[in-house]
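> In the order they appear, the protein sequences are chains W and L.
According to this note's numbering, the first sequence is numbered sequentially starting from 916.
According to this note's numbering, the second sequence is numbered sequentially starting from 39.
Got a structure for you, questions after.
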Amino acid sequence: MNQRPAMDLSGLPTFGHGPRSPTWWGTLGFMALEGTGFALAAGAYLYLATLWPNWRLSAPQPNHWPGTIVTLLLIASLVPNHILNGYAKQCAIGPVRIGMVVMSLLGIAPLVVRWFEFPALNIYWDTNAYGSMLWVLLGLHTTHLITDVGDTIVLTVLMFTHHGYSGRRFGDVGDNVFYWDFVVLTWIPIYLLIYWLPRWG
Amino acid sequence: MSSADITSERDLPPESEASAKGDVAPERDGPRDTGLDDASLHRWLARTWRTPPGIIGALSSVDHKVIARRYLITAFLFLCLGGLNAVVMRIQLSGPRRGLIGPDLYNQLFTMHGVTMMFLFAVPIVQATGIYLVPLMVGTRNIAFPRLNAFSYWVYVSGGLFAWVSFALSMAPDVGWFAYVPLSGPEYAPGKRADVWAQMITYTEVSSLAVAVATIVTVFKHRAPGMSLDKIPLYVWALLVTSFVVVFAMPAVMVTSTFLILDRLVGTHIFNPAEGGDALLFQHLFWFFGHPEVYIIFLPATGMVSAIIPAFARRPMFGHLGLVLSLIAVGFLSFGLWVHHMFATGLPKLGASFFTASSMMIAIPNGVQIFCWLATLWDSRPVIRTPLLFVFGFFFIFVIGGLTGVMLASVPLDLQVHDTYFVVAHFHYVLIGGSVFPLLGAAYFWFPKITGRMMSERLGRWHFWLAMVGFNAAFFPMHIVGLWGMPRRVYTYPAELGWGNINFFISAGAVLFFLSFVLFAFNLVHSALRGAPAGDNLWDAGTLEWATSSPPPSYNFARIPIVTNVEPLWAEREALPVATGLRVDVRELVVSTVAEAHPDIREKSATPSIWPLLAAIAVGGTFLYSIFTPWAIVWGAAPIAITLIGWFWPKGDPEDEE
Ligand code: HEM
Ligand SMILES: [Cu+2]
């Protein structure tokens, strides 16, 4: 088919941040599907909780302290996370490197405390369905946390190589910031479901 | 390959340009397409976008057309396998008390038939058609996240192999395609068969979810300049809505199968009522996915119909906006219907009435679509070719399926025919009428684009009539035996019931229907080898995939088209407006804004890589191993992490760096 040039794109930039970039939308897509998975697991938990009048099925209360510490750590990590985002937008390699190291550490810290959360549930997964659901919810979020921390560490290393010095990498840092927000956000309802719903019930 | 190699191989003068801001490496600029003559443009782009030669090259391909072709062929093979399952079942049922196969094998057969058709054929094939067509129709050079797309194919193949190798080892699931607990739970399903069901679901859903995300982002961000929301082709809309339905529905079945495997493998009690769990929870979770699943299969098919009709009616679709809105409405409503699969479980009355009402409500947007199609055909003089014949077949069969569906949405009738052949007849009318017939029409319609050759029109017509007669002969009488009371999933029946003759008739129809696919396969192979050359736009259709050659080159379009109309090729008959200024030495394409499709970024698309295959092997191995021990997740984590790092770690191509 015949063609006639009608537009010149040579002046366009080669990368963009946030919703301008396809990767950002891909990240959002994965958040949507993972969020749906979380919501359904939480829905299953609530379904069972309302089905059985004696929910918690005479199990002891979970100890909420490890979970509460994780929650506080996660919320606190949002501040450096967003400072890092600002540097990524300015494509400032030095502060971004420091920020990535900080975020890696702030990812590992809640994972360490998470280790103590499982015994603090005060029930095993195979005791009854209440125990099963607690382990499932906590397990789901832990998987989420581990994958994102792994991702953050790899990206941190990458930022210290010569590959870090590129617009595309700063976009990746921005997406990493975005995803961490999501990891923190999904934890809040799970935290309430695991530790506080049994107290009200 | 390092960037130095590329520079020397592609002999570029290393030009540098001051960077815009911050600490970004200056972009190494390369030759642009501006002012390049057609022959050298082709030479550059062909070298930049080619799939590397050799076996490793083939396994590394990230070309959406190559991946889609593999998907299409694989899904077609699974259709044949699932069809053979069905033929074997029908031979066993062709008369009372046939001893050809026993109950155990029969259980595996109908389960394998169901899962193969739903998870290995119907969903993958509609997504594969989208992988091929969506990037072409929106005027871009590759799908978004090409490596994720390649990965999805390998995961899908491993899931299919896993299920069918299990079948060969007599280890196939035997609990029906929806594997209800308690039947599939630890107490009633010892052995590994139910685990095979649960994990094959995981494979196929991971793959569909990946494709759905890639499709959404392609449609949002890679549309050709000027293709604002109101100029997106209907087929692309259909795939977009479908991908959203996948994103919100498929996690439900993954949650279901994961819960099931946990109950079976590590002793959780999620579905165990004796320990505070609940069996109906399984059905809720499953059908939260299962009903949208029907629309995941059906919506792309309506998109195909909406692409075929204007081409033969020789006019743009009547009611474009109405069609888009009904697609979106169907997408939303499909989530409000799941409970109609559970009327026989004794739900509260009011709840049941709500779901009856919403089941009937979905008829409204579907009705709008049918009205628009008919209106388009009505005041035109359609050219009747094989693709359009299959569209007519779809109308006819789907309307019958819809009618029996409305009947089943009423609770008293559903209770009466629950789990009989009436239901089997209904869902085959919907699935085959609503999806397979449009797909066959689409095959005749786009085959010339994909291969550059025509399919035989004469064989096509034979195929159509054979399929119509065979299908109706096989499935219409099933309504009747269903009303007589013949239950589904029985491996035989006594002679005294008098169901022998009609079942013989049904089986004969099934064989005829199967033969129609043999004829189709012959037509495909024969035409691919010997068909008449097709030309770029043999139907004189209006959407962008017809603007490029048949088969399209690796880079799809020598220059990115600019869109001025829903049927851009009809609006710009003399010369298609195109954009210039992209680099030709690296894989560059245009990223545009979501609503208006203003060109915004010149982005690099990923280069071929073997890592998606290796990652799929690591992931697939982990899933396989996990039916034996939960520790698989721990052991599998290392290879998965390594392959993912290999996948994302930049190798120094300009595509990775800028
Ligand atoms: C050659 C064409 C086909 C024939 C002859 C056929 C025949 C059958 C028969 C006889 C059954 C009922 C088995 C039983 O309940 O004992 C069945 C079940 C089923 N079919 Fe088909 N079928 C065909 C194509 C398809 C296609 C194309 C799809 C989907 C797109 C499909 C999806 C299903 C499903 C989901 C079931 C239910 C399996 C279960 O009960 O778990 N079939 N089919
Ligand atoms: Cu349904």
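Heads up, the beta-carbon is just placed ideally off N, CA and C, and yes, glycines get one too.
Predicted model only: the values in this text are computed from it and were never measured.
(1) Quick check: is any heavy atom of ligand 2 less than 8 Å from the C-beta of L:Gly328?
(2) For L:Lys59, which residues from the same chain have a beta carbon less than 6 Å from its beta carbon, with the 5 sequence-adjacent residues on both sides left out?
(3) Is the stretch 596-606 of chain L touching the stretch 251-264 of chain L in the sense that three or more CB pairs, one from each, lie closer than 8 Å?
(4) As an exercise, report each continuous beta strand (DSSP E) stretch of at least 3 residues that is fully enclosed by the stretch 1013-1040 of chain W, in chain order.
(5) Taking the alpha-carbon positions, what's the L:Ile89 to L:Lys103 distance?
(6) Closer than 7 Å between beta carbons: that is the criterion. Which residues of the stretch 1015-1035 of chain W meet it against chain L?
(7) Would you check whether ligand 1 has a heavy atom nearer than 8 Å to the C-beta of L:Thr149?
(8) Judging by CA-CA distance, which residue of L:Pro525, L:Val429, L:Cys410, L:Asp452 is the nearest neighbour of L:Tyr459?
(9) In its own chain, which residues sit with a C-beta less than 7 Å from the C-beta of L:Leu726, not counting the 5 before and 5 after it?
(10) For a cutoff of 9 Å on Cβ pairs, would you count L:Pro51 as touching chain W?
(11) Select from the stretch 925-950 of chain W all residues with a C-beta closer than 8 Å to any C-beta belonging to chain L, and list them in chain order.
(12) For a test of your reading of the model: does the CB of L:Trp235 fall under 8 Å from any non-hydrogen atom of ligand 1? Yes or no.
(13) Excluding the 5 residues preceding and the 5 following L:Thr178 in the sequence, name in chain order all residues of the same chain whose CB lies nearer than 6 Å to its CB.
(14) Given a cut-off of 9 Å on the beta-carbon distance, is the pair L:Ala349 and L:Phe483 in contact?
(15) Should L:His636 be counted as a contact of ligand 2 given a C-beta to heavy atom distance under 8 Å?
(16) Determine, using beta carbons only, whether W:Met1001 comes closer than 9 Å to chain L.
(17) Going straight from the alpha carbon of L:Phe433 to that of L:Thr489, what length do you get?
(18) What I want to know is whether the C-beta of L:His466 ends up closer than 8 Å to one or more non-hydrogen atoms of ligand 1.
(19) Given that W:Ser1069 touches chain L, what residues does it touch there, using C-beta distances under 9 Å?
(20) Chain W beta carbons: is any one of them nearer than 9 Å to that of L:Val437?
(21) Run through chain W and tell me which residues come within less than 8 Å of L:Asn310, C-beta to C-beta.
(22) Is the CB of L:Leu278 under 9 Å away from at least one CB in chain W?
(23) Mind listing the chain L neighbours of W:Arg919? Cutoff is C-beta to C-beta under 8 Å, in chain order.
(24) Taking 8 Å as the cut-off, is the C-beta of L:Met127 nearer than that to any heavy atom in ligand 1?
(25) In the DSSP output, which residue or residues are listed as bridge partners for L:Ala617?
(26) Mapping the DSSP letters down to three states, classify L:Arg611 as helix, strand or coil.
(27) Measuring CA to CA, which of L:Pro162, L:Cys118, L:Gln165, L:Trp192 is closest to L:Ala96?
(28) Is it right to say W:Pro937 is buried, meaning 16 or more other beta carbons lie within 10 angstroms of its own, or is it exposed?
(29) Compare the C-beta of L:Glu534 with all C-beta atoms of chain C and state if any pair is closer than 9 Å.
(30) Pull out every residue of the stretch 952-983 of chain W whose Cβ sits closer than 7 Å to any Cβ of chain L, in chain order.
(31) Using 8 Å as the cut-off, can you tell me whether the stretch 617-631 of chain L makes contact with the stretch 647-661 of chain L, which would need three or more C-beta pairs spanning the two stretches below that distance?
(32) Can you tell me whether W:Ser973 is helix, strand or coil according to DSSP?
(33) Answer with yes or no whether the minimum CB distance from W:Gly1089 to chain L is below 9 Å.
(34) Does any residue of chain L have a CB that is nearer than 9 Å to the CB of W:Trp1095?
(35) Between L:Gly523, L:Trp577, L:Ala463, which lies nearest to L:Gln454 when the distance is taken from Cα to Cα?
On the basis of the supplied data:
(1) On the second sequence, residue 328 of chain L is found 290 positions in, with the first residue counted as 1. The answer is yes for L:Gly328.
(2) Locating residue 59 of chain L in the second sequence gives position 21, counting from the first residue. Unreliable placement is indicated for L:Lys59, whose pLDDT of 48 sits below 50; the coordinate value is still reported in the next sentence. The answer is none, since no qualifying residue turns up.
(3) yes
(4) none
(5) Translated into the one-based positions of the second sequence, residue 89 of chain L becomes position 51. Translated into the one-based positions of the second sequence, residue 103 of chain L becomes position 65. Residue 89 of chain L is actually Thr in this sequence, not Ile. Each residue's Cα considered, the two are about 11 Å apart.
(6) none
(7) Position 111 of the second sequence holds residue 149 of chain L. Flag set: Cβ of L:Thr149 near ligand 1.
(8) For the purposes of this step, residue 459 of chain L is identified with residue 421 of the second sequence, where counting begins at 1. For L:Tyr459, the nearest C-alpha among the options comes from L:Pro525.
(9) Nothing in the structure corresponds to residue 726 of chain L, since chain L is present only between 39 and 696.
(10) Locating residue 51 of chain L in the second sequence gives position 13, where the first residue counts as 1. Residue placement at L:Pro51 is poorly supported in this model, since its pLDDT is 33, which falls under 50; the coordinates still yield a value, given next. Not one chain W Cβ lies under 9 Å of L:Pro51.
(11) Ser925, Gly926, Leu927, Pro928, Thr929, Phe930, Gly931, Pro934, Arg935, Ser936, Pro937, Trp940, Gly941, Gly944, Phe945, Ala947, Leu948, Glu949
(12) For the purposes of this step, residue 235 of chain L is identified with residue 197 of the second sequence, where counting begins at 1. No, ligand 1 has no heavy atom inside 8 Å of this Cβ.
(13) For this step, residue 178 of chain L is matched to residue 140 along the second sequence. Cβ neighbours of L:Thr178 beyond the five flanking positions: His260, Leu627.
(14) One-based indexing of the second sequence puts residue 349 of chain L at position 311. One-based indexing of the second sequence puts residue 483 of chain L at position 445. The answer is yes: Cβ separation under 9 Å.
(15) Taking the second sequence and counting its residues from 1, the one referred to as residue 636 of chain L is at position 598. No, Cβ of L:His636 sits at least 8 Å from all heavy atoms of ligand 2.
(16) Locating residue 1001 of chain W in the first sequence gives position 86, counting from the first residue. The sequence given here places Gly at residue 1001 of chain W; Met does not occur at that position. No - not a single Cβ of chain L is within 9 Å of the one on W:Gly1001.
(17) Position 395 of the second sequence, counted from the first residue, corresponds to residue 433 of chain L. Position 451 of the second sequence, counted from the first residue, corresponds to residue 489 of chain L. Their backbone Cα atoms lie some 28 Å apart in a straight line.
(18) Translated into positions along the second sequence, residue 466 of chain L becomes position 428. Because some heavy atom of ligand 1 lies under 8 Å away, the Cβ of L:His466 counts as near it: yes.
(19) The sequence position of residue 1069 of chain W within the first sequence is 154, counting from 1. Reading off the sequence, residue 1069 of chain W comes out as Val, not Ser. What W:Val1069 touches in chain L: Ala679, Leu682, Ile683, Phe686, Trp687.
(20) For the purposes of this step, residue 437 of chain L is identified with residue 399 of the second sequence, where counting begins at 1. False, the Cβ-Cβ gap to chain W never drops below 9 Å.
(21) On the second sequence, residue 310 of chain L is found 272 positions in, with the first residue counted as 1. Ordered by position in chain W, the residues that pass the 8 Å Cβ test against L:Asn310 are Ala1044.
(22) Position 240 of the second sequence, counted from the start, is the residue given in the question as residue 278 of chain L. For L:Leu278, the answer is no, since every Cβ of chain W falls outside 9 Å of its Cβ.
(23) For the purposes of this step, residue 919 of chain W is taken as the residue at position 4 of the first sequence. Ordered by position in chain L, the residues that pass the 8 Å Cβ test against W:Arg919 are Ala613, Leu614, Pro615, Val616.
(24) By one-based count along the second sequence, residue 127 of chain L stands at place 89. With a threshold of 8 Å, the Cβ atom of L:Met127 counts as near ligand 1, since some heavy atom of the ligand is closer than that.
(25) Here residue 617 of chain L corresponds to residue number 579 of the second sequence, with the count starting at 1. W:Met922.
(26) In the second sequence, counting from the first residue as 1, residue 611 of chain L sits at position 573. Correct three-state label for L:Arg611: coil.
(27) What you label residue 96 of chain L is simply residue 58 of the second sequence in a count that begins at 1. Of the candidates L:Pro162, L:Cys118, L:Gln165, L:Trp192, L:Trp192 places its Cα closest to the Cα of L:Ala96.
(28) The residue you call residue 937 of chain W lines up with position 22 of the first sequence. So W:Pro937 ends up on the buried side.
(29) Looking at the structure shown, chain C is missing, and the protein chains on hand are W and L.
(30) Residues passing the 7 Å Cβ filter: Gly952, Leu955, Ala956, Ala959, Tyr962, Leu963, Leu966, Trp967, Leu972.
(31) With the cut-off at 8 Å, the stretch 617-631 of chain L and the stretch 647-661 of chain L do not touch.
(32) Residue 973 of chain W sits at position 58 when you count from the first residue of the first sequence. Three-state DSSP puts W:Ser973 in coil, outside helix and strand.
(33) Stepping through the first sequence from its first residue, residue 1089 of chain W is reached at position 174. Taking a beta-carbon distance threshold of 9 Å, W:Gly1089 does not count as an interface residue toward chain L.
(34) Within the first sequence, the letter at position 180 stands for residue 1095 of chain W. For W:Trp1095, the answer is no, since every Cβ of chain L falls outside 9 Å of its Cβ.
(35) Taking the second sequence and counting its residues from 1, the one referred to as residue 454 of chain L is at position 416. Ranking L:Gly523, L:Trp577, L:Ala463 by Cα distance to L:Gln454 puts L:Gly523 first.
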